[in-house]
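Note that the numbering used here has the sequence shown beginning at 4, numbered continuously upward.
Let me begin by presenting the structure, written as structure tokens, before commenting on it.
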Amino acid sequence: MRYQCRVVHIKNNEMLIRIDNCIKMHENVYSDDGKNVGKIIKILGPVRNPYALVRLREKIDIKDVYVRC
């Protein structure tokens with residue numbers, strides 16, 4: 004299943020995204036066209052509304068990303 008995540012903030016080579024509870028550490032993150040843009044390195048925030056910190060492979064400017072869970 005492909006889950007859409009909203010990008011909250013991008014700085015340098017890291018991106019903060021809002022996620023669902025089904026997403027786990029070290030999951031790959033993909034752009035709309037299916038290109039791998041990074042990997043989840045940390046899960047933050049409250050259990051009901053978690054965020055994830057993504058280490059980007061290269062610098063991008065994007066509003067939505069996708070994670071398979």
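Note that beta-carbon positions come from the ideal geometry of N, C-alpha and C, so glycine has one too.
- Shown here, Met-18 sits in a strand according to DSSP, grouped into three states.
- Relative to Lys-38, the option among Ile-22, Ile-63 and Cys-72 whose CA is nearest is Ile-63.
- As DSSP reads the structure, His-12 sits in a beta bridge with Leu-19.
- Residue environment: Ile-44 is assigned as exposed (fewer than 16 neighbouring CB atoms within 10 Å of its CB, all protein chains considered).
- Under the three-state reduction of DSSP, Lys-45 is assigned to strand.
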